[in-house]
Each structure stands twice: as structure tokens, then as C-alpha cells.
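Note sheet for the following structure.
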Amino acid sequence: IKNTNPFKKLNDEIFVYVAKKQKEIDELKRLELFRREFLADVSHELKTPIFAAQGFIHTLIDGAVDDERVRDKFLSKAAKSLDGLDALVKDLVALSQLETGEVKMNFDRVDMAHVTHEIFEQLEKIAHAKRTSLVLKSTPPGPVWVKADAQRILQVMTNLIENAVKYGNENGHVQVNLEEDKKFVLVSIRDDGPGIPPEHLSRIFERFYRVEKSRSKDRGGTGLGLAIVKHILNAHKSKISVMSKVDKGTTFRFKLERVD
Ligand code: ADP
Numbered sequence: 085i086k087n088t089n090p091f092k093k094l095n096d097e098i099f100v101y102v103a104k105k106q107k108e109i110d111e112l113k114r115l116e117l118f119r120r121e122f123l124a125d126v127s128h129e130l131k132t133p134i135f136a137a138q139g140f141i142h143t144l145i146d147g148a149v150d151d152e153r154v155r156d157k158f159l160s161k162a163a164k165s166l167d168g169l170d171a172l173v174k175d176l177v178a179l180s181q182l183e184t185g186e187v188k189m190n191f192d193r194v195d196m197a198h199v200t201h202e203i204f205e206q207l208e209k210i211a212h213a214k215r216t217s218l219v220l221k222s223t224p225p226g227p228v229w230v231k232a233d234a235q236r237i238l239q240v241m242t243n244l245i246e247n248a249v250k251y252g253n254e255n256g257h258v259q260v261n262l263e264e265d266k267k268f269v270l271v272s273i274r275d276d277g278p279g280i281p282p283e284h285l286s287r288i289f290e291r292f293y294r295v296e297k298s299r300s301k302d303r304g305g306t307g308l309g310l311a312i313v314k315h316i317l318n319a320h321k322s323k324i325s326v327m328s329k330v331d332k333g334t335t336f337r338f339k340l341e342r343v344d
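Everything in the sequence shown is counted per UniProt numbering, starting at 85 for the first residue and increasing by one.
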């Protein structure tokens, strides 16, 4: 018998409509939760350096300023907290622009070997202090051209190489490899540091996620470096992967489109 129920079609349409609306509501709820969590994270992260600087400055006002040694120590600690705050605000602005897709990438022809050498030079002081060697291996040797936004790919490489030095051991080795294949350049940044335990590995690209909170803060980290890396590479249609073994070291890898 033919289904003659005139309401059947209407019923189906209503069902589809309600399901669609429910999906939209779920998505809005998810965004609202994300926004609230983000705000809570950000205010917490901002408070830490502000409270620290306030503490040092008030102690100075309350009399510590009279002791020359204490004064110098507290002033430099307050300055360090404010430097951390400055880095945090800069990273936050960069990340929020990347997350909302506000920034336009300026794709250009970039030599990754040159970028790497530039960063090695910038990090020479901290690498020297830790007696860490910085090595670039590129096959073939010489310039390695990719299509990328020069400023942003410099930022990606800086964050990864700086982390490798920062979290690596004393007398460590950091190696950057650039390998060309037909279409891509494969970039890897390897250290022989303490590694990242497997349970943390999938989370290190989340904003403010740190394996060891105190260690990261001691080393001037904002907890945003890898989130920024992920977003920039995303805008290059590239994905970053990480492999790590506790007590052996960590390797980050990604690909970029090759140009001649
Ligand atoms: P941070 O500013 O804290 O360095 P990142 O987003 O750059 O933030 O890194 C997130 C966390 O991942 C770091 O706090 C650190 O615990 C871990 N990490 C990143 N790179 C390495 C590495 N090469 N070796 C060991 N741990 C690392």
C-alpha cells in the first residue's frame, strides 16, 4: 500500500531541521567553552609575571632598596618578569591572529639553509653557555629553496631550534637536516636531550601546555611556541610531526614545497 500519510514528508523535514539546529547549537557551545577556557588560561598566564614584578617592586619600596645587593637582585628579577610578560603578549597576539586567519602569508622563495644559519648565529650565546653544538646537514649542500613566508618560517625554525637547545642537555647536539625530494624539502630538527614522555607527546602543540611547568618557565618559555609553529605550518599546508624517546631525544619534522 502506498504511503499516503501527508505528514510523513513534513515530519522528515522537521527532523532534519531540528538535527541541523542542534548541531549548530553544539558548535556554538563548543566555541563558547573554548573562549572561556582561553580567557581563563590567558588571565592566569598574565597574572604570574605581573604578580612577580609587583612583589619585587613593592619589597623594594618597603625598604629593600637601601641594601645595594638586594636592590640589584630584585630589580633584575622584576625586569626578567616584565621581559617574560612582553614575550607572552607578543606570542599571544601572533597566535590569536593566526587562529582567526587574520594574517596574510607572503609566499616567497626562501633558502632554508640560510634561515638555519641565521638562527644558529642568534642562538650562539645560549648554545655556547650550554656547550651545545649546532649542526646543519643539507643534501645536497648549498642553498635549499622552498616556497614560504620568510618571516614566519624563520619563526618556526627559531622556536624549534631554540626549544632543542633550551630543553636539551648540557654538552648536547642539535642537528637540523634539510633533504630534498622531487616536490618537497623535508626539514627535521633533532636533539639528544631528555625527550618527551609519550603521554605528553600529543598535547605539546596545545597552547600553554608544558611538560614541566616550572622548567619551561625557568627557561623563559611562554608555552605558546609550538602552537604558533603548528598554525604557521598549517597556513603553509604542512603538518608537523614529533618523535621522541625518553633519555634519547626528540625529533620534529615537516615538509615544505620545493622551488628551484
Ligand atoms: P615553551 O614556551 O614552554 O617552550 P612550547 O610550546 O615551545 O612552549 O613547548 C611546549 C612544551 O613542550 C615545553 O614546555 C616542553 O616541555 C616541551 N618541549 C618542546 N620542545 C622540546 C624538546 N626539544 N625536548 C623536550 N621537551 C620539549
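Beta carbons: idealized from backbone N, C-alpha and C, even for Gly.
Keep in mind it's a predicted model, so treat the numbers as computed, not measured.
*Exposed or buried, which one is ILE280 when buried takes at least 16 other CB atoms within 10 Å?*
By the 10 Å Cβ count, ILE280 comes out buried.
Practice task
Tell me whether VAL228 sits in a helix, a strand or coil according to DSSP, three-state version.
Solution key: VAL228 falls in the coil class under three-state DSSP.
> Across which residues does DSSP place MET327 in a beta bridge pair?
Replying inline: Answer is THR335, bridged to MET327.
Among GLY147, ILE312, ASP344, GLU111, nearest to GLY185 - alpha-carbon criterion = Comparing Cα positions, the closest option is ILE312.
Say the cut is 8 Å; is the CB of residue 47 nearer than that to a heavy atom of the ligand ADP?
Summary: the structure shown does not reach residue 47, with the chain confined to residues 85 through 344, and so no result is reported for it.
What three-state label does DSSP hand LEU169 in the structure shown?
-> If DSSP states are grouped into helix, strand and coil, LEU169 belongs with the helices.
Quick one: is PHE135 buried, meaning 16 or more other Cβ sit within 10 Å of its Cβ, or exposed? Exposed, since its Cβ has fewer than 16 Cβ neighbours within 10 Å.
When you compare the stretch 228-236 with the stretch 289-296, are there three or more beta-carbon pairs, one atom per stretch, that lie closer than 8 Å? Counting Cβ pairs under 8 Å, fewer than three are found: no touch.
Handout entry: Exposure of ALA137, with buried meaning 16 or more beta-carbon neighbours within 10 Å
Key = Looking at its Cβ environment, which holds 16 or more other Cβ atoms inside 10 Å, ALA137 is buried.
Should VAL173 be counted as a contact of the ligand ADP given a C-beta to heavy atom distance under 8 Å? Not one heavy atom of the ligand ADP falls within 8 Å of the beta-carbon of VAL173.
- Determine the DSSP secondary structure at ASN318, reduced to helix, strand or coil. DSSP places ASN318 in helix when its eight states are reduced to three.
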